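For what it's worth, my numbering labels the leading residue of the sequence shown as -16, then goes sequentially. Heads up, the beta-carbon is just placed ideally off N, CA and C, and yes, glycines get one too. Values in this document were obtained by computation on a predicted structure and should not be read as measured data.
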Amino acid sequence: MLQDLCGFSQIAAIRVSLAFNIDMTEPDVYTGERKDFFGYKVVQFTSDTEKGIIVTAPLQRNGSGGICKPDHVKNTQCFNPGEIHLDNTTIPVKHLGLSIAERADCSRFTVCSPSVAHECNENSYLNSVCYTVTSDLQQISSSTPAFQKCTKKTVDLVFLFDGSGSMTEADFEKNKDFIVDIMKSLNQTSVKFAAVQFSYDCSKVFDFNDYQAGRALEKLKKEPHMKSLTNTHRALRFVLDEIFENPAAGASPDATKVLVLITDGDPSDGDNGVIKRYDDKNIFRLVIGVKNTRLEKFNLDIASEPKDKNFFEIGNYNGLTGILKTFQNKIFRMEGSKQALAGELTNEMSQSGFSAVFSKDTLILGSVGTNTWRGSLLELHEHKETQIHYPDMKDNSYMGYSTSVGEKNKAPLYFTGAPRFEHKGRVVLFRNEGKNWLPAGRIDGEQIGSYFGAELCSLDIDSDGNTDFLLVGAPLFFQEKEKREGHIYVYTLTDKMLLNREQNISAPSMGRFGTTISSLADLNGDGLRDVAVGAPLEDDNRGAVYIFLGDKHRGIRSTFSQRILGKEIQPGLRFFGQSMYGKIDLGDDGLPDIVVGSQGMAVVFRSRPVFNVTAHLSFQPEMISTEKIDCVAKTNANLPMVNLTACFEMVETTKSKAGAISSGLNILYTLHVDPTRQIIRGSFNRNTEAKNVTSTVVLRDKDTCFNHSVYMPKCVIDTLSPISIRVNFAQNDSAGPILNLDSKRQAVVKVPFEKQCRKNDTCIAELELDFNFMTSTLLVAKGNYFSLSIKLSNHGDDSYNTSLSIQHPAGLSFSRMTVAEATRTTLHSCDHALEKTTCGISLPVYPSRSTATFNTSFLINTGYEWNDTVSVTITGKSDNTNSSRTNSVTKSIPVQFQIEMLVTVNNDTITYMNFSTEDARPKKMVAIYKIRNTGFKAFPINVSLFFPTKLDHNFQMENYQVLVQQNQTQCTGITDKTSEYCSPEKYCKRMVCDSFILDKESSTEFKLTGHVQFKDLKQRAANIAFLKRYTGEGAAVKFKSFIDISYDDQRYVLDSKKQQVCWSYWSLKTTTEVRVDFVIPPDELLIILTGVILGLQLLIIITVIMFKLGCFKRKTLEYYQEQAERASLQAASSMDLTPAVTEGTANGATLPTVHRRTSFTSFC
């Protein structure tokens, strides 16, 4: 079925890909004049005698345009009609070749010019002309679809003249004379007249029927003067309802309607919306104001736009004669003027043929300018024109900008694009319902200004006659971040006529990707049609074409198979990809060719045959002998492994003719031994470790084979898993036939080792596993490890590729594994992932009857979110294990967290207080405890404080409270407490705080405050024992307070090495002690009085004694005389002393005695 020549669009940007099967080496290039835009549209043709291309040049011959048939042998032949003749008028043709459509047989074409401009009175119409030509450019016929001829339009004109009381009879008659003069001057035109007089009421003077019957002048002459108020708006409603819209009055429905209002007074009534009705119905209004009518009232209200041009002001009714000529000209121009067209444009600007496509023998043209550029489709079949409209289309939508046709279940379908619909674009699907084409579906664009729908391409992917997909171009779709321009939307067409979006495709650069989209013949032989997309502004306007291979489910593949740049064809090429066509084999090789248009050039590319190549690998012998494998000798010698044969089968997918593949297909292939292993088990050279070998060959026959020898080391440890040999191949150059992109380009073969097992050469290992935790809990602590003891036993044949898979929480990081006990030497290696640790055990073989116990340690991550318990699953695996034994065990263990906590007493805590009788008032006591979490884990704690409120010596504490730093908790609960320290008479209290979370690396302070005193200390001082009044009294008490911190010991474990206070199994306690003294000093006054009294008593006693001794007797004169005589006698006797006296003196026995007595006497 013929589908899709697809028109205007744009591009984005795409990554460069290697060439596929479009041959760019020797294209056929046809050149023309750039100024003619030779290459704007291109199509292929075929006839009974020849095949070739048709190229349009819409600017040829100074813009008249033409279509050409280029030929390398003879001069290029062109068709240039230049002008058309209609109704004895010659109209020039412009831009012939803007659209072209080929018939189903590709031997006849219809080419259109949608730019045929012709004048009609003051207006320019823009219509089209189309020519049907043969492949030899011989004109068969021509037509002017939807051509709007220039005809004069009927004008219905109503005079509404003032008959109010402010007007004299003479002025009223001048009104009539002015109307008569206008009617007589325009009696040979298509203008029909009616007249209405208005005052308070309205009077129909004559209507259009009266005018056409010749009764108008007589009725006007007899019309009496009404002489009342000026109800202008009421009169306007009367004219609209009874004259303009009343067929009985002779009004023409399609006529241009004109109202001439003549008045000398301002309106006496209100508008009530009548002016808006006139505007909605596009009734043109001219106003003549006489005498004192206010210009602004009529200029801003009744007169049509432009109001200053349609309002005429005169001083009196004599002035009507002065404006008669101007008024006549203005009305005369209403017949075919732009005002007459200002309502609904139909085909005047239709531009039918802006896009064109054939559906079998029916031509469908896009008419973008019809109905005020809403647009439409024009169907031409057997000289019959049918316009197809979309009722919901908005003005200036340009429906018909692009067209495409399709078919579903033998029902024809039309697709058309309106890229300016609501500035985002819309695509409409029409289907035939009886005799009418009705909209069956629509899709809208998503970006303003993207020109969604500027190009359409319907796609019958499998050529079964049913349209499967619709491709929609949005060439101005812009992706700012990626700097891409252009989009293609691919829609699936369902049997219910629904268009479902399948995918979006863009190019990797600027360039209006999607300007053109063309359905191509099957290029790669997969039975699906392919698609070409043009990006004519890419690469600085040089242009590019992208080839997309068809896809059964998504329309086309999301990535292009080939990118053809215009500069690769010719450096100065411009707008390459402006048009494309590719459905015919223009040569003799049986393969489709593609023609691409650009400005001044058309290029024909040949496609090349495509082949599928399948690789096959085989080997001899069927198994690798293990007889000579020896790992004890530790030699570097290699042994023969197998003889390998690589065969390539070549099948063409395209349908080229014989001889097209004489050059053969050049491929490069590489063989790999164990490509995914690092340890070498095979090579292609006996003396080296060459795991790979590469060769280049040319395939000409259907099957081609090559032989290679493969060697292996003397020592191969892994003999369970087979050796993998893989071949990869690709095309070595792009000349000649092409390797299919979809061809599987590798093959793999597995070469097994010989095995010796108990049952039919099938080794069955029987793994049994168990494990135990080496601690009762998993303790989460910094630098702590968690250990397992794992026991693995093999009760069956040798176990190959044995491993232990340990599933564990992500918070456990594998540290090491050691062998604690084993029946034979057992090696292992471990790999750690986030939640899994896998350890290979004695690779490659864990021998039969082996048992090993492994101690495995994991570092515990303190930052992991641990649950209350964790589960560990360990599975023993091998390539040949039997699941009848227990080889997977899961166990759980509770989780505990190690916490670190310091409890200290703040330096601001009071440790000593004293009271005396002079200072017995209450004093504030403060005890501050600081709790600090120094660990990694926040945890909840319960805090209580214990303290006495009474102690010995009548010591009391009042107004006590506990304050918490930053209000992290509240301490309000108070209970009595007894303990070894707190006896009942001490009245101890327990202050309980709400449980709270102690954040990691944070601290909290608890401040115990209260007022303490020794109650009645002064009264006690007053009642002290008498003797203690001289010595005074004092005593001390020790005030002890405690802070108790408890936590959940099932969940948390305190690090006793790092806490600095006494601790018990589940709580911490810290004590503060305050020494409180009181002193009662001695009674100083009593001491002084007692001292005075005792002193006086002692003085009296001494005095009495002295008196008794005579110390207080009085000496008389006789006494002194007697003493003098005694002295003189002693002096006389001393003169007669013997030397013995001197000797006695020398011995010191006598003189001191005399002197002492003398001294004493003198003292007394």
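Assignment of V656 by DSSP, reduced to helix, strand and coil, places it in the strand class.
With a 10 Å radius around the Cβ and a threshold of 16 neighbouring Cβ atoms, A231 comes out exposed.
About 10 Å separates the beta carbons of T386 and V351, which is beyond the 8 Å limit, so they are not a contact pair. The C-beta distance from P395 to S342 rounds to 5 Å, short enough to meet the 8 Å contact threshold. Taken in chain order, the complete beta strand (DSSP E) segments of 3 residues or longer contained in the segment 792 to 845 are 795 to 805, 811 to 815, 819 to 824 and 833 to 843. Within the segment 82 to 149, the runs of beta strand (DSSP E) at least 3 residues long that lie entirely inside it are, in chain order, 82 to 85, 91 to 103, 106 to 117, 122 to 126 and 138 to 145. In this chain, the alpha helix (DSSP H) harbouring T1014 covers K1011 to T1014. Of all alpha-carbon atoms in Q121, I165, C133 and V926, the one lying nearest the alpha-carbon of F142 is that of I165. Separation of S107 and E551 (C-alpha to C-alpha, rounded to the nearest whole angstrom) is 45 Å. The C-alpha of P923 is placed about 56 Å away from the C-alpha of K1011. For T239, the uninterrupted beta strand (DSSP E) run begins and ends at T239 to T246, by DSSP.
With contacts defined by Cβ atoms closer than 7 Å, K738 and C746 form a contacting pair. Y529 sits in a strand when the DSSP states are folded into three classes.
For T8, the enclosing beta strand (DSSP E) stretches over residues I5 to T14.
Excluding residues up to 5 positions away in sequence, G146, V179, Q180, E206 and M209 lie with their Cβ nearer than 8 Å to the Cβ of S186 in the same chain.
For F337, DSSP assigns no beta-bridge partner whatsoever.
Annotation for Q881: the continuous beta strand (DSSP E) segment containing it runs S871 to I882.
Its chain contains V625, N626, L627, T628, V693, I708, V732 and V734 as the residues whose beta carbon lies nearer than 8 Å to that of F602, once the 5 sequence neighbours on both sides are disregarded; these appear in chain order.
About 21 Å separates the beta carbon of T887 from that of Y943, a gap too long to meet the 8 Å contact definition. According to the DSSP assignment, N621 belongs to the beta strand (DSSP E) that extends over N621 to E635. L1037 places its beta carbon less than 7 Å from that of I882.
For the pair of segments examined, the segment 746 to 757 was found to touch the segment 869 to 879: the number of CB pairs separated by less than 8 Å reaches three. Of the candidates T637, I488, D568 and T702, the residue whose Cα lies closest to the Cα of I607 is T702. In the DSSP assignment, M1089 falls within the alpha helix (DSSP H) that extends over E1067 to K1091.
Counting every other CB atom within 10 Å of its CB across the protein chains shown gives S118 a total of 16 or more, marking it as buried.
Secondary structure at H536: coil, using DSSP grouped into helix, strand and coil. In this structure, T93 sits near T115, with a CB-CB distance shorter than 7 Å.
Each residue's CA atom was taken as its position, placing D522 and D291 some 54 Å apart. Residue environment analysis places D568 among the buried positions, since at least 16 neighbouring C-beta atoms fall within 10 angstroms of its C-beta.
In this structure, the alpha-carbon of T987 lies about 13 Å from that of A921. For S30, there is no enclosing alpha helix (DSSP H), as DSSP marks it with neither H nor E. Going by DSSP, N755 is part of the beta strand (DSSP E) stretching over L750 to F756.
The shortest CA-to-CA distance from G1015 to any of P830, V1062, G846 and L1079 is the one to V1062.
With contacts defined as CB atoms closer than 7 Å, D252 and N214 qualify as a contacting pair. Every beta strand (DSSP E) stretch that sits fully inside the segment 386 to 441 and reaches 3 residues is listed by chain position as 394 to 401, 409 to 416 and 419 to 427. Remark: C-beta atoms of Y384 and A437 approach each other more closely than 7 Å.
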